[in-house]
Each structure stands twice: as structure tokens, then as C-alpha cells.
Amino acid sequence: MLKLFFIAGLLISPGQAEVNDRLVDFETEIIPILTRYGCNSGACHGAAVGRGNFHLSLFGSRPHDDYTAIVEQFEARRTNLADPRQSLLLLKPQGLVDHGGGVRLSEHDTATDSLLRWIQQGARRKQHRALDELRITITPHAPAPVDTLRRITCLADFRRHDSGLQRNCDVTHLTTFSAEDPTAVSISKDGEVRIKRPGRHVVIVRYLDRVIPVEILVPFESGDVTPGQPSKPPGHPIDIVVEHKAAELRVPIADPLGDEQIVRRLSLDLAGRVPLAMPEHLKLSARPLDRKPLIDELLNSEEFVDFWTFQMMQMLMLNSVGDTNVATNCQTWMKSMVAQDASMAEVVKDLLAAEGPVANNGPAAFYLVRTDARSQAEYLTESFAGIRLRCANCHDHPLDRWTQDDYHGLSAIFASVSRGTEIRRNGRGTVIHPGTGLPAIPKIPGRDLNQDVQLSSEHVADWLLDTENPLFARHFVNRVWSLLTGRGLVHPVDDLRPTNLSPLEPVLTRLTSDFVESGYRLKPLLRTICSTDVYARSSHPDRTYTDLPGLFACSQNTPLSAEVLLDAICDVTGVAESFDGYPLGTRAIQLPSSKLLPESLNLPGRCPEPVGCASGNENPQPDVSTFLGLLNGPLINHRLQHESCFLNQAPFKNRPVSDQIREIYLRALNRQPTQAEADLWSRHISMTNSSTEKQEVLEDLLWSIIVSREFSQ
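Residue 428 is where the sequence shown starts when you use our numbering, and the numbers rise one by one after that.
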């Protein structure tokens, strides 16, 4: 187990004992050494409780506390000013004193010299300089082949308290490097990077509180796509960005979907159902398909209002409220907001401002999704801003700017909320800050503490909707993109931090800007995304090439949610599902709470409780028993044999075999069967000896389609 990577004593050569005239700065030189050698990592003294009675802040986020621990605690033995060479800060890493972290340094390390000089100079806390700017360069800068050695250099500018600005200081030796995917990237401590396979790779560079992601592109060797040579005239700005990135990596773009498949995808994504309920001219589209009128028709349909009410309830986790009456009231309110294409900013404000009896107050459901102040803060930041603030509960966030003060300060704002049959703000609740043992001071994350202002939920809403840093807008756009394409531009969707780069950052920036300019309206955002070539691509590249995650050179094969899948099975077979307390014919997406979906309907795509699908769980992965239940259970088999199933209706039974096969494919997949498919099933039916056997073959055909990947994605 790592005890102390660096903090130890070392044998120092006589020549190094001379005190250098330049003062060593604690914050910009000593703290980075502790980080570089792992002393203040979560596996060592940076853990929440430290190691070996020695506690440092995680990655040096609190220099003042670190100075106290190093210089003042443990009877000042860690820094021995009388005999610097006997300081534990120097003895342990070389193994001269027992050290759980093992040997980390030698007497010839530059870090050793810096530590010794700092102690010889009196181990001072006074800050001599502060970081002004950190610049990262990588050579070669242009995309290069696999195994090409790259060098990352870090140059810093410091504001010196005695002589102004100190520019272009090479701090590479004080910087830590880590690969997002260590199996694909190897990095030396000196910033030498070697890429093991083609693709897009990210290296995280850390110096002091600056954590910077560096993107490295390594093109695939084959492929006939060349940057700067578009295959068609320029299209939508979003498509231009995607196609350029694919060209940089020499990843071919997948073919577009056929018109019938685009109609089916749009119907499922905008109305939540297969195109059975749509006008006949949309089942088999005219050629070429004009998507605009179809998108507008779907956006103006009642099915759209029902489905995107369901999507909004699920996205904001409001459908996880246990009280059915509260969930129903919230659903009714949300439906009215979706129907009028109200501003999503107003939705946020109404939810946060909710107060009064929950029995007739739809937005009040927001305060019943979670039961205490801390979990309310976590739920808000994950579902409304895509921030994993929970990582700052025990220590400052290691990869983002959020601190413990941010976490417990936001929790303190929600501590004043009293939950129950009525939502009230009594102003009496408190949250204990674990770092101080005292009640946390209410605080908006990322902003300076101002005890003169009594913070409320209105201030939280303003923070989420700040036009200078639109946290909610960026997250909302990313979530909607994920719902339409199967993966967020930033993945996971609840982890929008600066170090989690989107491969297509210009796309997210543009969509976010357009969304804010539209007044936070949902329909224009949906219309924009659904009109792009990215949205209409097939799931398989046009060559034997694998799409890189997040590049969207091909479709992501998104499974339908459990509710949409159930509704699709009901629509296609013609046999509705019955839900206790609701009229026959109620769609699963019309249920106000996910808890009302019967447990027996353990369908693929069902969000797990109590996590839900808002916490990065974009595509829940069902277990084997779930698939077996779908394949062999009563959900499908009961419907195939039900008297209301279209297979058992006289108009269908009296049709020729070829028309029956065609009708099954049109209902389920909105396309004609291929010649091979038609021949296969015609041959099976021709081998039957009775009408009963023929009916069983037709049931087998419909069953095989419903359980196929094409149907459920």
C-alpha cells in the first residue's frame, strides 16, 4: 500500500547543501512535487482520512492546510530546520526511514534539491509568486502515425510579488500526466507520449489547480477519406464539423438511412411510437423524402406532447416520485409546459421555487425526488447541470473546479426546505461541513462566499441559467442529443467537466448558443438536430470500419426505452396493455411515474431504481433474464394469440400470403421485406398443411421481428 510517495528524507550530496539565492516557493514548487510523486493522491496522504497520521489535501487543493501538516504538526519533525537533512520530508522517500510508499527519490533528483533548499531557507509559507497562465504545447502538433514519440511541454507565467511577471517558466518537471485510456497511451513522467493504436486519445495534464485535457489524434492507416476533400457540397454546420473530424481520423461516414427508416426513427424519437398512427403517405415516404414537413407534423402532434412530457419527467427524474398523486400533478404541469413549448428556463425556475401543499402543486415534486439536503444538491447538479458535485463531498473534486465548500454550501441552501405534505422554507436547517465540523455556510458553487446575502433557490436558478456560463442549457442540449442519437456529445451525460472533452465541442457550443437564443425552447432544438445528416445515418459504416465513440460517423444503435418498447409492441400487435387504475389503451409513456410500470414487465431499456436514467445511465444494459423474459414470456406470446391481434382479424386473414408478409413488415418496421425475406417466409408458409400451421408461421414471423435488434432500436 502506498503510504508516502515523496515525503521522506534523502541523503543529499554536499554540493547540494548550499542554499541557492532564489527562494523556493511553497505553493508553486513544493506542492507540485507532492502531486507529481503521488503524496497527495487519493491512494496516499490525499485520502479523506490521510495515511499514517499524515493528511494532505487532495492534489494540493488547500495549500494552507498542507503547510500546517508539513511544517507545524508532528512536532515539526517533517521539516527539521535545525538539521534539514534529518527532515522526514526528505528521509522517507529514499527509504532511509520506514516508508509504506517505498523508495521514490534518489539524491540526484531535482525534486530532492528543491525540497532541501526550501527547508534550508526556513520552510517558509509566504507566497513569492502566483500562477498567471499555463500553456500546453505538444510536438508534433499535427496528427501523426502510431508509435510516433510526442512531447508535451508545460510553460507557465507567474506573477512575482517582487519583480512583476515571470514568463515562460518550464514547469514540465513539476507536472503530472495521465492517460484517459492507459491501455492505448503510455506516458513518461517527463511528458513523453507514445500512442499504441489509432483513434482519438486524451491526456490529462495537471499543474497546481490547473487540470487541462490534451487531445491527440492518430489517423487510421486505411480509408479513402482525406481532410479538405468533402464528398458533397457543404451542408448543415453541425454536419461540417462532424465530417471534418471524421476526415482528420480517416474514418468513413456511414450511408444515410432509407427514407422509410428515417420516417420510423423520427416517429419513435419525436412521438414515441412506430408510424402506425401516422397518415398513410408517411408510412412509405415519397422520394426523395423532405424531412422538414414530417418533423413539423410530428412536433405539432398530440403524441409529441405525451412523449416529450415523458422524456422531460424522466430526464429530470420527476417520474421517480413515489406518491402517485404528486407525480400525476407534476406530469399535468409538465404536459402543459411541453404543449405550449414553454421556456425550459421557466421550468427550472418553477421547480426550484415550488412551495406549498404538494397535493395540487405539480412543481413541488422536485423536492420529493430526494429526501435530504445533500442528496437534493447532488440530484440538482447531476440532473440539471451535468455536474458530479458529489465528488466534492469528502474532498475537493480532483478533476473539476468544485470544492467541499461548494458541495456543502449548496446543500446548506436546501437544508432550509421542509418536506412532507407541504414544501416549506423554514430557514432552520443546517448541514455540517466535515472539514470544519461547523454548520456549512450557504454558497453558490464556483462563486465567492458572500455572507451578507441570504441565498435562496432563486439564486440557485440564476446560477444554472447564467448566460455567461449556461450550465443548464449545455447539459440540456447534451441530454437531448443523447436521446436522439444514443450518446451524448459529452459522455457520460452527467459529467460535463472541462477535463471530459467532447470530440465535437464546436457542435455542443453552437447548439447551446442557439438553444439559449431561442429562449430555451425545446422544439427548435429538436428540429435542428433531426434535420442533420448525423441524425439520419445508418448504424453500420459503409465499409468495414468501426465508428469511434462520440464521433457520430454512424448511428449508435440506441435501444428503445422500456416504455416505448412496450407501446411499440402494443401498437404493432393491436393488443393494448392494461395498467391498474388507468383506462385500457393508456400508453406506458403516459404513466406519471416509472413505479407504475408493472415489475412483471422487466423489459430491456428499463431504468434501474433508484438511480434512474439521469445519472449517466444513457443506455441501461439488461441482464440475460430480462432478454429471456422478452423472448419467451407472455408479453409477446399472449398478444400474438389474442383475438384482438391483427393477425387474427378477417381482413388480414383473407389477404394473399405475399400481402400478409408485406403487411407484417410494414407494421413492425415501416419497410417492405427484402426479396430474400419474402422468399424465405413464403417458402415456410408453402410447406404448411393447414390454416393452423400457416397461422403459426405468421406468428413466428411477427415474433422474430419484434425480438430483433432492428425493431427495438
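Glycine is no exception: its CB is placed at the ideal position from the N, C-alpha and C atoms.
All values derive from a computational prediction rather than experimental measurement.
Query	Result
Taking the Cβ atom as the reference point for each residue, do Val645 and Phe604 lie within a distance shorter than 8 Å?	no
Please work out which residues of its chain come closer than 6 Å, Cβ to Cβ, to Leu438, disregarding the five sequence neighbours upstream and downstream, and give them in chain order.	With a pLDDT of 35 at Leu438, under the threshold of 50, the modelled position of this residue cannot be trusted, and the question is left open.
Using DSSP's beta-bridge definition, name the partner residues of Pro919.	The partner list for Pro919 (beta bridge, DSSP) is empty, contrary to what the question assumes.
Would you check if the distance between the CB atom of Val999 and the CB atom of Val701 is smaller than 8 Å?	yes
When we look at the beta-carbon of Asn905 and count the other beta-carbons within 10 Å, is it buried (16 or more) or exposed?	buried
Rounding to the nearest angstrom, what Cα-Cα distance links Leu709 and Gln1076 in this structure?	Low local confidence applies: a pLDDT of 49 at Leu709 is under 50, so the model's placement there is unreliable, with the coordinate-based value given in what follows. Between Leu709 and Gln1076, the C-alpha separation is close to 24 Å.
Please work out which residues of its chain come closer than 7 Å, Cβ to Cβ, to Ile497, disregarding the five sequence neighbours upstream and downstream, and give them in chain order.	Arg505, Thr506, Leu516
Considering only C-alpha positions, which residue in the set Asn1081, Ala995, Phe501 is nearest to Gly1012?	Ala995
Would you call the CB atoms of Thr580 and Gly618 closer than 8 Å?	yes
On the three-state DSSP scale, how would you describe Asp584?	strand
Output the residue ranges of the beta strand (DSSP E) runs that lie fully inside the region 596-640 and measure 3 residues or longer, sorted by chain position.	603-606, 612-614, 619-622, 626-634
Does the beta-carbon of Arg909 have 16 or more other beta-carbons within 10 angstroms, so that it is buried, or is it exposed?	According to the sequence provided, residue 909 is Ser. The question's Arg does not apply to it. Buried, by the Cβ-count rule.
Leaving out the 5 sequence neighbours to the left and right, which residues in its chain are closer than 8 Å to Asp574 when beta-carbon positions are compared?	Arg621, Ile622, Lys623
Rounding to the nearest angstrom, what Cα-Cα distance links Ile1143 and Leu693 in this structure?	No answer is possible for residue 1143: the residues shown for the chain start at 428 and end at 1140.
What is the DSSP secondary structure of Phe647, counted as helix, strand or coil?	coil
Assuming Val630 contacts Ile614 (C-beta within less than 8 Å), just tell me the rounded distance between them.	6 Å
Is it the case that the Cβ atoms of Arg901 and Pro976 are separated by a distance below 8 Å?	no
Is it the case that the region 1093-1103 contacts the region 1016-1024, given that we only count it when at least three CB pairs across the two stretches are under 8 Å?	no
Is there a C-beta anywhere in chain D that falls below 8 Å from the one on Trp890?	Annotation note: the requested chain D is absent from the structure, which comprises a single protein chain.
How close, in whole Å, do the beta carbons of Arg937 and Pro511 come, if the pair is a contact with beta carbons under 8 Å?	Their Cβ separation, rounded to whole angstroms, is 56 Å, which puts Arg937 and Pro511 out of contact at 8 Å.
Which residue marks the beginning of the beta strand (DSSP E) containing Ala557, and which one marks its end?	556-566
Strictly by DSSP, which residues pair up with Pro511?	Looking at the DSSP assignment, Pro511 forms no beta bridge with any residue, so it has no partner.
Quick one: give me the first and last residue of the beta strand (DSSP E) that Ile850 is part of.	849-852
Just checking my contact of Asp682 with Arg556 at CB under 8 Å: how many whole Å lie between their CB atoms?	Contact doesn't hold; Cβ gap of about 57 Å is too wide.
Hey, could you find the ends of the alpha helix (DSSP H) Trp1108 is sitting in?	1102-1113
Contact check, Ala792 vs Val748 under 8 Å by CB: the rounded distance?	5 Å
Given Leu911, which residues of its chain have a CB within under 8 Å of its CB, disregarding the five upstream and five downstream residues?	Asp696, Leu953, Ile956, Cys957, Tyr962
Check whether the Cβ atoms of Leu891 and Phe811 lie closer than 8 Å to each other.	yes
DSSP state of Gly662, grouped into three classes?	coil
Whole angstroms are fine: how far does the CA of Leu1074 sit from the CA of Gln1122?	8 Å
With burial defined as no fewer than 16 other Cβ atoms inside 10 Å of the residue's Cβ, what is the status of Pro609: buried or exposed?	exposed
Below 6 Å CB to CB, which residues in the same chain sit around Gln554 once its five sequence neighbours on both sides are set aside?	Glu454
Cα-Cα, which of Gly873, Tyr464, Val880 is closest to Asp893?	Gly873
Identify, in the order they occur along the chain, each residue of the same chain with its Cβ nearer than 6 Å to the Cβ of Tyr1152, setting aside the five sequence neighbours on each side.	In the structure as shown, the chain begins at 428 and stops at 1140. Residue 1152 is therefore absent and cannot be evaluated.
What residues in its chain sit with their C-beta under 7 Å from that of Ala842, if we drop five residues either side in the sequence?	Ala800, Gly856, Thr857, Val858
In its own chain, which residues sit with a C-beta less than 7 Å from the C-beta of Ala475, not counting the 5 before and 5 after it?	Cys821, His822
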